[in-house]
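Asks: Taken in order, the sequence shown gives residues 0 to 238; the numbers are from numbering that gives the first Met the number 0. Each residue gets a CB set at the ideal place from its N, CA and C atoms; glycine is no exception. After the structure tokens below, expect a handful of questions from me.
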Amino acid sequence: MTELIYREDAYAQQIRAKVLAASAEAIVTDRTNFYAQAGGQPGDTGLLRWAGGEARITNTTKGPEDSVLHVPEAGAALPPVGAEVTLELEWPRRLRLMRMHTTLHLLCSLIPGAGVTGGQIGLEKSRLDFDLPEPPSKESLTEALNGLIAANHPITQAWISEAELDANPSLVRTLSVQPPRGAGRIRLVRIGSAEAPIDLQPCGGTHVRHTGEIGRVEVTKIENKGRQNRRVSLTLLED
């Protein structure tokens, strides 16, 4: 099992860890700040350094028994098992994905009651698919999103039991991807105050600390993907 440092601190750009396994396919460490690809969010990239060497990490995925697989560049040197290493994120890329992911949560809050049937987080554009016959206009969504961003709402997290989630099924907005289970606890991501949250839903991804960090955004396209399926695409307007 790999300890997931990013769950408590998404801003940990560099950490120390110990190598548990290493091969051309994957390097496994006892702890990581790298997000493993899941829920529409790409896996992290960066560098893994140790005394006498380094390996570029080109992707991060989930492995067996709750391990995280850091995929090294083809032909990269490998650290010895047991070695102390430094895991260094490609931070501008990660931060952009965090801004995108948080924006999609805000988008969810603006289309209440509609199930999310799919989604993808990207560096240049991101999208959510809604079970919805008629969405709001691009212009109204863009204006509302930028209003929520400018208000600089805090983003925090809380943990509930699987039983509590089962008792509150309305917390789950995604119809295509269910919250990760098995550890007995479910992580909730909250935007806004605890008393009156703007958005509150289970999520295992990485987010910014305040909405103001996102910067201005634009809803670029709303597509018809079926009788009641509407795809809303957006992009960041600031680097």
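Could you spell out the range, first to last residue, of the alpha helix (DSSP H) harbouring residue 148?
Replies: Note, residue 148: alpha helix (DSSP H), 137-149.
Asks: How is residue 31 classed by DSSP in three states: helix, strand or coil?
Replies: Note: residue 31 maps to strand in three-state DSSP.
Asks: Need the endpoints of the beta strand (DSSP E) that residue 125 sits in, please.
Replies: Where residue 125 is concerned, the enclosing beta strand (DSSP E) stretches over 125-130.
Asks: Suppose you measure from the CA of residue 140 to the CA of residue 234; what does that come to, to the nearest Å?
Replies: Cα-Cα distance, rounded: 12 Å.
Asks: Helix, strand or coil for residue 105 per DSSP?
Replies: Helix at residue 105.
Asks: For residue 134 and residue 110, what's the separation of their Cα atoms in angstroms?
Replies: If you take the alpha carbons of residue 134 and residue 110, they lie about 8 Å apart.
Asks: Can you tell me which of the three DSSP states residue 43 falls into?
Replies: Residue 43: coil per DSSP, three-state reduction.
Asks: If you follow the beta strand (DSSP E) that residue 164 is in, where does it begin and where does it stop?
Replies: Element bounds for residue 164: not the beta strand (DSSP E) but the alpha helix (DSSP H), 161-166.
Asks: Under a three-way DSSP split, which group does residue 15 fall into?
Replies: If DSSP states are grouped into helix, strand and coil, residue 15 belongs with the strands.
Asks: Is it buried or exposed, residue 116, if we count other Cβ atoms within 10 angstroms and call 16 or more buried?
Replies: Buried, because 16 or more other Cβ atoms sit within 10 Å of the Cβ of residue 116.
Asks: In angstroms, rounded to a whole number, what distance separates the CA positions of residue 197 and residue 11?
Replies: Straight-line Cα distance between these residues: approximately 26 Å.
Asks: If we require 3 or more residues per run, which beta strand (DSSP E) segments fall completely within the region 54-121?
Replies: Listed in chain order, the complete beta strand (DSSP E) runs (minimum 3 residues) inside the region 54-121 are 67-71, 83-88, 115-119.
Asks: Would DSSP call residue 170 helix, strand or coil?
Replies: In this structure, residue 170 counts as helix in the three-state DSSP scheme.
Asks: Hey, residue 88 and residue 32 are a contact pair by Cβ (cut 8 Å); roughly how many whole angstroms apart?
Replies: At roughly 6 Å, the Cβ-Cβ gap stays under 8 Å, so residue 88 and residue 32 are in contact.
Asks: Is it true that the region 77-88 meets the region 13-27, where meeting means three or more beta-carbon pairs spaced less than 8 Å apart?
Replies: The region 77-88 is in contact with the region 13-27.
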